[in-house]
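Novice:
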DNA sequence: GGATCCTTCTTCTTCTTC
């Protein structure tokens, strides 16, 4: 909770860079204004826009690197098997290269003027049906999972090792399954909201009491976002890119504050006040949107995205906007990941062949 | 009926004085 409020206050602070550092000191000392239950009037500030400035103000140079951390970890938990030490070039530098073929993100020729004008149209909920020649088509999740940077793999494995140390193998399994379950329950609660066709009323106690304690907090968390969602066009609906041959299931397509967006709902234990806290989520959104824009089942184009991070304690969800400019950057990153995936696959295939011989 | 698929999440950090 405290971290959430910090974020919105920091967002406000950086609007006045001259006194930012002074006020940041104020913040860390737990100033009284932070403990107010009332939503901060500064929460409307576009925190993402100022995120780099915030970081430059509040960040400190750390002497730790993945390599030194790995050395420490090995000392504490024993050696890591099969994990090469990550390098600095494995993330930033490498990801800055351009895709070999810059496939377009938008396909306006797929749009029917009448459909676009008609607005909502029927609600799409295309279920995934494998076996119709789709079994060979990889999914967005799989591609992202298999093309994580060595650094991401390092931190994820390190986190897992620590959790297993703490909870034991069985405990960790249970913990992970519970996280997935919460996410799924939250998604189906949202699905019910959108399919009911009933306008969302700001989280009244009666509204909330219909939800199981498991999702109540999450629903309360996204309540203020749901108020701004209109014209839901698709829910949990399959999209497939006609040329790039990948598929995925879109959470939601709707208007958010009047802008047509591809919306991705997330649950999180940690506060994620900045878009950069969501790791590969924006790439996932760009991948889905790019596919939808080529998919004949959808007669419109979606240029914007929204990632909504909901919290179990009911504190206000963070809604991260991805405008069309940002989206085309993430689209390029997605194309790179897709290239990486295919390269990896063909390398794997040729090594399989040589093994057989 | 069983198996498989797509999702659902998980990483990034610190230590000092009032």
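Numbering (the numbering used here), first residue to last: 1006 to 1362.
Positions of the beta carbon are idealized from the N, C-alpha and C atoms, including for glycine.
As the structure is a computational prediction, the values presented were derived from the model and not from experiment.
(1) Leaving aside the five residues before and after residue 1315 along the sequence, list all residues of the same chain whose C-beta is less than 6 Å from its C-beta, in chain order.
(2) In three-state DSSP terms, what is residue 967?
(3) So the alpha helix (DSSP H) residue 1220 belongs to, where does it begin and stop?
(4) With a 10 Å radius around its C-beta and 16 neighbouring C-beta atoms as the bar for buried, classify residue 1267 as buried or exposed.
(5) With distances taken Cα to Cα, identify the nearest neighbour of residue 1169 among 1181, 1158 and 1159.
(6) Would you call the region 1299-1307 and the region 1100-1115 in contact, with 3 or more CB pairs under 8 Å?
(7) Between 1160, 1313, 1238 and 1203, which lies nearest to residue 1304 when the distance is taken from Cα to Cα?
(8) Tell me whether residue 1245 sits in a helix, a strand or coil according to DSSP, three-state version.
(9) How big is the Cα-Cα spacing for residue 1160 and residue 1192?
(10) Quick one: what's residue 1311 bridged to in DSSP?
(11) Look at the alpha carbon of residue 1270 and the alpha carbon of residue 1360, and state the distance between them as a whole number of angstroms.
(12) Is residue 1237 helix, strand or coil by DSSP?
(13) Can you list, in chain order, the residues of its chain whose CB lies under 7 Å from that of residue 1145, leaving out five sequence neighbours each side?
(14) Leaving out the 5 sequence neighbours to the left and right, which residues in its chain are closer than 6 Å to residue 1257 when beta-carbon positions are compared?
(15) Please name the residue, chosen from 1074, 1216 and 1339, that lies closest to residue 1152 on a Cα-to-Cα basis.
(16) So, at 8 Å on beta carbons, what are the nonlocal neighbours of residue 1128 in its own chain, with the 5 sequence-adjacent residues on each side left out?
(17) Any idea if residue 1135 is buried or exposed, counting beta-carbon neighbours within 10 angstroms, 16 or more meaning buried?
(18) Of all the options 1276, 1332, 1165 and 1171, which has the alpha carbon lying nearest to the alpha carbon of residue 1313?
(19) DSSP has residue 1258 in a bridge; who is on the other side?
(20) Sorted by chain position, which residues of the same chain lie with C-beta nearer than 7 Å to residue 1221's C-beta, five sequence neighbours on each side aside?
(21) Measuring CB to CB, does residue 1287 end up less than 9 Å from residue 1310?
(22) Looking at the structure shown, is residue 1188 part of a helix, part of a strand, or coil, going by DSSP?
(23) For residue 1176 and residue 1150, I'd like the C-alpha separation in whole angstroms.
(24) What is the C-beta distance between residue 946 and residue 1265, in whole angstroms, given that I count them as a contact (C-beta under 8 Å)?
(25) If residue 1242 sits next to residue 1131, beta carbons under 8 Å apart, how far is it from one beta carbon to the other, in whole angstroms?
Specialist: This is what the structure holds:
(1) Locating residue 1315 in the first chain gives position 310, where the first residue counts as 1. Hits under 6 Å: 1223, 1226, 1227, 1272 and 1322.
(2) An answer regarding residue 967 cannot be provided, because it is not within the stretch 1006 to 1362 covered by the chain.
(3) As a working mapping, residue 1220 is identified with position 215 in the first chain. From DSSP, the alpha helix (DSSP H) with residue 1220 extends over 1218-1231.
(4) Residue mapping note: residue 1267 aligns to position 262 of the first chain, counting from 1. So residue 1267 counts as buried.
(5) For the purposes of this step, residue 1169 is taken as residue 164 along the first chain, with counting starting at 1. Nearest option by C-alpha distance: 1181.
(6) yes
(7) Taking the first chain and counting its residues from 1, the one referred to as residue 1304 is at position 299. If we check each option's Cα against that of residue 1304, 1238 comes out closest.
(8) Translated into the one-based positions of the first chain, residue 1245 becomes position 240. The answer is strand: DSSP assigns residue 1245 an E or B state.
(9) The sequence position of residue 1160 within the first chain is 155, counting from 1. The sequence position of residue 1192 within the first chain is 187, counting from 1. Rounded to the nearest angstrom, the two C-alpha atoms are 27 Å apart.
(10) Mapped onto the first chain, residue 1311 falls at position 306. For residue 1311, which the question treats as bridged, DSSP gives the partners 1268 and 1326.
(11) For the purposes of this step, residue 1270 is taken as the residue at position 265 of the first chain. For the purposes of this step, residue 1360 is taken as the residue at position 355 of the first chain. Their backbone Cα atoms lie some 43 Å apart in a straight line.
(12) Along the first chain, read from residue 1 onward, the residue named residue 1237 stands at position 232. Correct three-state label for residue 1237: strand.
(13) Reading the first chain from its first residue, position 140 is the one you call residue 1145. Excluding sequence neighbours, residue 1145 sits near 1251, 1253, 1289, 1292 and 1293.
(14) Position 252 of the first chain, counting from 1, holds the residue named residue 1257. Answer for residue 1257: 1240 and 1268, listed in chain order.
(15) Position 147 of the first chain, counting from 1, holds the residue named residue 1152. When each option's Cα is compared against that of residue 1152, the closest is 1339.
(16) Within the first chain, numbered from 1, the residue matching residue 1128 stands at position 123. If we look at residue 1128 and ignore the five residues flanking it on each side, its Cβ neighbours are 1199, 1200, 1237, 1238, 1239 and 1240.
(17) Within the first chain, residue 1135 is the residue found at index 130, counting from 1. Its Cβ having fewer than 16 others within 10 Å, residue 1135 is exposed.
(18) If you number the first chain from 1, residue 1313 lands on position 308. Minimum Cα distance to residue 1313 is reached at 1276.
(19) Taking the first chain and counting its residues from 1, one reaches residue 1258 at position 253. Beta-bridge pairing links residue 1258 to 1239 and 1267.
(20) Taking the first chain and counting its residues from 1, one reaches residue 1221 at position 216. So the list reads 1213, once near-sequence residues are dropped.
(21) Start at 1 with the first residue of the first chain, and residue 1287 comes out as number 282. Start at 1 with the first residue of the first chain, and residue 1310 comes out as number 305. Taking 9 Å as the Cβ cut-off, residue 1287 and residue 1310 qualify as a contacting pair.
(22) The count along the first chain starts at 1 and reaches residue 1188 at position 183. In this structure, residue 1188 counts as helix in the three-state DSSP scheme.
(23) The residue you call residue 1176 lines up with position 171 of the first chain. The residue you call residue 1150 lines up with position 145 of the first chain. Each residue's Cα considered, the two are about 23 Å apart.
(24) No answer is possible for residue 946: the residues shown for the chain start at 1006 and end at 1362.
(25) Position 237 of the first chain holds residue 1242. Position 126 of the first chain holds residue 1131. The pair is a contact, with the Cβ atoms about 5 Å apart (cut-off 8 Å).
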